[in-house]
Amino acid sequence: MKHLVTLIPGDGIGPEVTAATLRVLSAAGVDITWERFPAGAQALAEHGTTLPDALLSSIRRTRVALKGPVTTPVGGGFTSVNVGLRKALDLYANVRPVKSIPGVRTRYENVDLVVVRENTEDLYSGLEHVVVPGVVESLKVITERASTRIARFACDYARKHGRRKVTVVHKANIMKLSDGLFLDCFRKVVQHYPEVQPEEKIVDNMCMQLVMHPERYDVLLMENLYGDILSDLATGLVGGLGVVPGANIGDGMAVFEAVHGSAPDIAGRGLANPTAMILSATMMLRYIEENQAADRIEAALFAVLGEDGIKTPDLGGTATTTEFTEAIATRLTDNP
Ligand code: NAD
């Protein structure tokens, strides 16, 4: 079956990891027509806006996008394209599966957890103001509506993927109203999922637990800020930013992207690890029900990292992005 997917190659290492991913998808024989768009600085130069309307309407039509990282200037300059995209399309659930990868040695084995992060509110609502000079307020917004739908998303995800436990992470002992509401919504929702074991953890304890015993956790449900921080922590358990995929999911619409940024320090030098982007593409393939192709790509990728020991420099190897990608493509074409 032919699929139509929106593609945002991004900037920095974005175009390199995107090209690698397209090469692997085509070696796996998946039939996708891409609607390709720039975003960020490139779009600003070409279209006068960082997030062109044509790009948004393409995703509204195709319902699915694959996205490379896009640079956000620090301090001044334009606002984050990533945040803009999530807001414009109401992609309220950020999902990061964090799983140990064969051949990628870390301090831990058997990590297999999924961070589900609320993507639209909390301290990321951007409501900040100066009360008097020297005093600023930043508002943390938590609503029953958003907390309930993300709790439902996490429980549905657990049900669909055969996961047994959902741990809600909070600081409701201090933020009794805001985190209290988030926790309360989870408690109400999870009652309707008898197969899901609910668990509650205070966020500071959760940080310690994750670095001591990550294998004990399954699905982790968090507000926006805790989710942002803890999901990066979680990537460090399995080999870092270069190997963890992600998705931003709304109702009937999803944008798949690697966890890492545009890595300007290594851009254009053939050093980028495309693993995270390739795994994001396998999540996308499962979303469009190309499960077999997703399984084949994952098997080829893990064989190259594990059995073949071919790795990019971030994982201690010497392979270039192209050499690594071609090794995966060869495995796919040799085992059709
Ligand atoms: P980064 O993820 O780009 O880089 C952090 C470090 O990890 C760097 O040393 C980099 O070389 C390395 N790294 C990242 N991805 C790698 C890969 N695939 N292979 C090998 N090494 C890799 O984070 P940063 O430096 O904080 O951010 C750079 C830019 O990216 C910023 O403008 C930031 O706003 C943007 N960013 C975008 C996204 C996104 O588009 N979703 C996410 C995070 C950051």
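Residue numbers (the working numbering): 864 to 1199.
For every residue, glycine included, the Cβ atom is placed at its ideal position computed from N, Cα and C.
Between the alpha carbons of residue i and residue j, how many angstroms are there, rounded?
i     : j     : result
S920  : T884  : 24 Å
H1123 : T913  : 19 Å
V868  : G931  : 14 Å
L1073 : Y1080 : 8 Å
T1011 : V1052 : 7 Å
A1198 : F1045 : Here residue 1198 is Asn; the residue named in the question, Ala, does not match the sequence. If you take the alpha carbons of N1198 and F1045, they lie about 48 Å apart.
V1101 : I1151 : 26 Å
L899  : M1140 : Inspection of the sequence shows that residue 899 is occupied by Arg rather than by Leu. Rounded to the nearest angstrom, the two C-alpha atoms are 16 Å apart.
G1180 : V967  : 10 Å
G997  : E991  : 13 Å
E981  : G1090 : 7 Å
R949  : Y955  : 7 Å
G911  : L1088 : 31 Å
L929  : V1066 : 31 Å
E984  : L907  : 26 Å
What is the DSSP secondary structure of residue i, reduced to helix, strand or coil?
i     : result
T913  : coil
P1061 : strand
T896  : strand
A891  : coil
L986  : helix
N1136 : coil
A902  : coil
L1100 : helix
I876  : coil
T1183 : coil
I1013 : helix
Considering only heavy atoms of the ligand NAD, does any lie closer than 7 Å to the CB of residue i?
i     : result
A1163 : no
L1104 : yes
P1127 : yes
E1186 : no
P872  : no
E898  : no
D1177 : yes
N1136 : yes
H1055 : no
V880  : yes
I1173 : no
A883  : no
I1005 : no
V933  : yes
G1124 : yes
A1139 : yes
I876  : yes
N945  : yes
E1000 : no
Q1120 : Going by the sequence as given, residue 1120 is Glu instead of Gln. Under cutoff, so the answer is yes.
Give me the DSSP bridge partner(s) of residue i.
i     : result
G1131 : BP columns for G1131 are empty, so no partner.
S1001 : E991
E1120 : K930 and G1109
T1030 : E1062 and L1083
K962  : D975
N957  : R980 and N1111
H866  : I895
Does at least one heavy atom of the ligand GTP sit under 7 Å from the Cβ of residue i?
i     : result
A1190 : Of the ligands one can find in the structure shown, namely the ligand NAD, none is the ligand GTP.
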